[in-house]
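Q:
Protein chains: 4
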Amino acid sequence: MSHTVRDKSKLLARVRRMSGQMEALERALQAEKGCAEILHQIAAVRGAINGLMAEVLEEHVRTHVADPAITSDAARMLGAEELIAVLRTYIK
Amino acid sequence: MSHTVRDKSKLLARVRRMSGQMEALERALQAEKGCAEILHQIAAVRGAINGLMAEVLEEHVRTHVADPAITSDAARMLGAEELIAVLRTYIK
Amino acid sequence: MSHTVRDKSKLLARVRRMSGQMEALERALQAEKGCAEILHQIAAVRGAINGLMAEVLEEHVRTHVADPAITSDAARMLGAEELIAVLRTYIK
Amino acid sequence: MSHTVRDKSKLLARVRRMSGQMEALERALQAEKGCAEILHQIAAVRGAINGLMAEVLEEHVRTHVADPAITSDAARMLGAEELIAVLRTYIK
Numbered sequence: 232m233s234h235t236v237r238d239k240s241k242l243l244a245r246v247r248r249m250s251g252q253m254e255a256l257e258r259a260l261q262a263e264k265g266c267a268e269i270l271h272q273i274a275a276v277r278g279a280i281n282g283l284m285a286e287v288l289e290e291h292v293r294t295h296v297a298d299p300a301i302t303s304d305a306a307r308m309l310g311a312e313e314l315i316a317v318l319r320t321y322i323k
Numbered sequence: 232m233s234h235t236v237r238d239k240s241k242l243l244a245r246v247r248r249m250s251g252q253m254e255a256l257e258r259a260l261q262a263e264k265g266c267a268e269i270l271h272q273i274a275a276v277r278g279a280i281n282g283l284m285a286e287v288l289e290e291h292v293r294t295h296v297a298d299p300a301i302t303s304d305a306a307r308m309l310g311a312e313e314l315i316a317v318l319r320t321y322i323k
Numbered sequence: 232m233s234h235t236v237r238d239k240s241k242l243l244a245r246v247r248r249m250s251g252q253m254e255a256l257e258r259a260l261q262a263e264k265g266c267a268e269i270l271h272q273i274a275a276v277r278g279a280i281n282g283l284m285a286e287v288l289e290e291h292v293r294t295h296v297a298d299p300a301i302t303s304d305a306a307r308m309l310g311a312e313e314l315i316a317v318l319r320t321y322i323k
Numbered sequence: 232m233s234h235t236v237r238d239k240s241k242l243l244a245r246v247r248r249m250s251g252q253m254e255a256l257e258r259a260l261q262a263e264k265g266c267a268e269i270l271h272q273i274a275a276v277r278g279a280i281n282g283l284m285a286e287v288l289e290e291h292v293r294t295h296v297a298d299p300a301i302t303s304d305a306a307r308m309l310g311a312e313e314l315i316a317v318l319r320t321y322i323k
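Protein chains in written order, with the working numbering: chain P, 232 to 323; chain H, 232 to 323; chain W, 232 to 323; chain Z, 232 to 323.
Put into structure tokens, the structure is as follows:
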């Protein structure tokens, strides 16, 4: 079972919290709040998405690359290459 | 008038598109999609929030720091310090 | 006078400290140190270059965009566009 | 053998190229070049250090986490945890 299935309820809770942050941002724009407040809310969403990315990547490493229970070398290599593809787009 | 008011409909359209991406991510988690797909969707949201941040910051620079129509030195300095505060949390 | 001229000795001190970090990284590779140590040293250099970038950008905003002493609108707009060009490559 | 030992000459070539970029930046500051040029050179060094980080992390994943030749579960878990520690500081 993949970690995104195992951790489903925790991840959904995070995603719903972020949807709430997006709605707050939408309301702030509608209410014509000052741009300092808007920037602050955008930065909060960005922090949340980075936190989610870090959490999912971490569990990806543990479950699909490092887990001693993985018995297929090919499956482990696939997990590693998926990780590397994400790192390449991220670190630049 | 602040740029987040002037550009309100454009910014709201962006924010709603991102809310749609968040809903797609929620559905993918619910449907227990593979983690490579989940990571891909998270990366898409991250790209969108960074794009929004860049756009709002750009207009902040133009409207609250550089605009020749700003007549108060204090207002211009405030716009600059707000920008610098965001840059400090961003570039590290 | 540009801020990179005014702050020249402070900026040179930072750059020389970073050159020292690069030499330490080169020595660690030569000495075949463990990769955890190498990664740690690379992260240190990355932190230093981001710190330098943030400092120079901050002074750029203050000196070439926000300074009330700027008398030419065109000069102020040029300073703003240079800043925006850097932000665009940075925030993505 | 660690990847930073196996790839030693390639990594040293990258580090020396970056040291050359640092010297160019030092000379530009000494020569009181314009701040747009200074910012451009800082961005080049930052791109180079990120590229080096991505390369070393990639090889870390392949060699210390995913390699089927790793026979000790504990060694594999250690490689994974070192990677996760770097990701945590990086993705935020």
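Think of the CB as a built atom: it goes at the ideal place given N, C-alpha and C, for glycine as much as any other residue.
Taking Cβ positions, are P:Val296 and Z:Val296 nearer each other than 8 Å?
A: Reading the first sequence from its first residue, position 65 is the one you call residue 296 of chain P. Reading the fourth sequence from its first residue, position 65 is the one you call residue 296 of chain Z. Yes; because the gap between Cβ atoms is below 8 Å, this pair is in contact.
Q: Grab me the residues of P:Ile269's own chain with a C-beta within less than 8 Å of its C-beta, minus the 5 sequence neighbours each way, in chain order.
A: Position 38 of the first sequence, counted from the start, is the residue given in the question as residue 269 of chain P. So the qualifying residues of the chain are Leu256, Ala259, Leu260.
Q: With 16 as the cutoff for other CB atoms within 10 Å, does H:Gly310 come out buried or exposed?
A: The residue you call residue 310 of chain H lines up with position 79 of the second sequence. By the neighbour-count rule (16 or more Cβ atoms within 10 Å), H:Gly310 is buried.
Q: Counting only runs of 3+ residues fully inside the stretch 252 to 296 of chain W, write out the beta strand (DSSP E) ranges in chain order.
A: none
Q: Pair every Cβ in the stretch 296 to 308 of chain H with every Cβ in the stretch 271 to 284 of chain P, then say whether three or more of these pairs are closer than 8 Å.
A: no
Q: Name, please, each residue of chain Z whose Cβ falls closer than 7 Å to the Cβ of P:Met308.
A: Walking along the first sequence from the start, residue 308 of chain P turns up at place 77. By Cβ distance, chain Z contributes Ala297.
Q: Listed from N- to C-terminal order along the chain, which residues in the stretch 271 to 284 of chain H have their beta-carbon within a distance smaller than 8 Å of any beta-carbon of chain P?
A: From the stretch 271 to 284 of chain H, only Ile273, Ala274, Val276, Arg277, Ile280, Asn281, Leu283, Met284 have a Cβ closer than 8 Å to chain P.
Q: Quick check on DSSP: helix, strand or coil for H:Thr235?
A: Translated into the one-based positions of the second sequence, residue 235 of chain H becomes position 4. H:Thr235 falls in the helix class under three-state DSSP.
Q: For Z:Ser250, which residues in chain W fall below 8 Å Cβ to Cβ?
A: In the fourth sequence, counting from the first residue as 1, residue 250 of chain Z sits at position 19. Going along chain W in sequence order, the residues near Z:Ser250 (Cβ under 8 Å) are Ser250, Met253, Glu254, Glu257.
Q: Taking 8 Å as the cut-off, decide whether the C-beta atoms of H:Met253 and P:Ser240 are in contact.
A: Start at 1 with the first residue of the second sequence, and residue 253 of chain H comes out as number 22. Start at 1 with the first residue of the first sequence, and residue 240 of chain P comes out as number 9. Result no, Cβ atoms of H:Met253 and P:Ser240 do not sit closer than 8 Å.
Q: So, using beta-carbon positions, are Z:His234 and Z:Glu290 closer together than 8 Å?
A: In the fourth sequence, the residue the question calls residue 234 of chain Z occupies position 3. In the fourth sequence, the residue the question calls residue 290 of chain Z occupies position 59. Against a cut-off of 8 Å, the Cβ pair of Z:Glu290 and Z:His234 comes out as a contact.
Q: Among Z:Leu283, Z:Ala274, Z:Gly265, which residue has its Cα nearest to the Cα of Z:Arg247?
A: Against the fourth sequence, residue 247 of chain Z aligns to sequence position 16. Here the closest residue by C-alpha is Z:Leu283.
Q: Taking Z:Thr365 as the reference, which of W:Ser303, W:Ala274, W:Thr302, W:Val236 has the closest Cα?
A: Coverage of chain Z is limited to positions 232 through 323, which leaves residue 365 of chain Z absent and any answer about it impossible.
Q: Out of curiosity, what's the CA-to-CA distance linking H:Gly265 and Z:Ile322?
A: Indexing the second sequence from 1 puts residue 265 of chain H at position 34. Indexing the fourth sequence from 1 puts residue 322 of chain Z at position 91. Each residue's alpha carbon lies about 22 Å from the other.
Q: Helix, strand or coil: how does DSSP classify Z:Ser250 here?
A: Stepping through the fourth sequence from its first residue, residue 250 of chain Z is reached at position 19. DSSP places Z:Ser250 in helix when its eight states are reduced to three.
Q: Is it true that the CB of W:Glu286 sits closer than 8 Å to the CB of Z:Val236?
A: Counting from 1 along the fourth sequence, the entry for residue 236 of chain Z is found at position 5. Counting from 1 along the third sequence, the entry for residue 286 of chain W is found at position 55. Not in contact: Z:Val236 and W:Glu286 (Cβ atoms no closer than 8 Å).
Q: Could you name the residues of chain Z that P:Lys323 contacts, counting a contact when the two beta carbons are closer than 8 Å?
A: The residue you call residue 323 of chain P lines up with position 92 of the first sequence. Those are Gly278, Asn281, Gly282, Ala285, listed as they occur along chain Z.
Q: Measure the alpha-carbon distance for P:Ala300 versus Z:Thr302 and round it to whole angstroms.
A: Along the first sequence, read from residue 1 onward, the residue named residue 300 of chain P stands at position 69. Along the fourth sequence, read from residue 1 onward, the residue named residue 302 of chain Z stands at position 71. Distance between the alpha carbons of P:Ala300 and Z:Thr302: 13 Å.
Q: In whole angstroms, give me the CA-to-CA distance for H:Leu242 and W:Ile315.
A: As a working note, residue 242 of chain H is residue 11 in the second sequence. As a working note, residue 315 of chain W is residue 84 in the third sequence. Whole-angstrom Cα-Cα distance: 18 Å.
Q: Where do the N-terminal and C-terminal ends of the alpha helix (DSSP H) with P:Thr302 fall, by residue?
A: Residue numbering aside, residue 302 of chain P sits at position 71 when the first sequence is read from its first letter. The continuous stretches of alpha helix (DSSP H) do not include P:Thr302, and DSSP gives it neither H nor E.
Q: With a threshold of 8 Å between beta carbons, is P:Leu242 in contact with chain Z?
A: Walking along the first sequence from the start, residue 242 of chain P turns up at place 11. Taking Cβ atoms only, chain Z never reaches closer than 8 Å to P:Leu242, which makes this a no.
Q: Rounded to whole angstroms, what's the CA-CA distance from W:Asp238 to Z:Thr294? Just pull it up for me.
A: Within the third sequence, residue 238 of chain W is the residue found at index 7, counting from 1. Within the fourth sequence, residue 294 of chain Z is the residue found at index 63, counting from 1. W:Asp238 and Z:Thr294 have their C-alpha atoms spaced approximately 44 Å apart.
Q: Measure the alpha-carbon distance for W:Val292 versus W:Gln272 and round it to whole angstroms.
A: Within the third sequence, numbered from 1, the residue matching residue 292 of chain W stands at position 61. Within the third sequence, numbered from 1, the residue matching residue 272 of chain W stands at position 41. C-alpha of W:Val292 to C-alpha of W:Gln272: approximately 30 Å in a straight line.
Q: Does H:Ile322 come out as helix, strand or coil in the three-state DSSP assignment?
A: Here residue 322 of chain H is taken as the residue at index 91 of the second sequence, counted from 1. H:Ile322 falls in the coil class under three-state DSSP.
Q: Let me check understanding here. Comparing Cα to Cα, which of Z:Leu288, Z:Ala244, Z:Ala267 lies closest to W:Leu288?
A: Your numbering for residue 288 of chain W matches position 57 in the third sequence. Shortest Cα-Cα distance from W:Leu288 to any of Z:Leu288, Z:Ala244, Z:Ala267 involves Z:Ala267.
Q: If you drop the 5 nearest sequence neighbours on each side, which residues of the same chain put their C-beta closer than 7 Å to that of P:Arg245?
A: The residue you call residue 245 of chain P lines up with position 14 of the first sequence. Correct list, in chain order: Leu283.
Q: In chain H, which residues lie less than 9 Å from P:Glu313 when you measure between Cβ atoms?
A: Position 82 of the first sequence, counted from the first residue, corresponds to residue 313 of chain P. Residues of chain H with a Cβ closer than 9 Å to the Cβ of P:Glu313 are, in chain order, Cys266, Ala267, Leu270.
Q: Determine, using beta carbons only, whether Z:Glu263 comes closer than 8 Å to chain W.
A: Counting from 1 along the fourth sequence, the entry for residue 263 of chain Z is found at position 32. It does: the Cβ of Z:Glu263 has a partner Cβ on chain W nearer than 8 Å.
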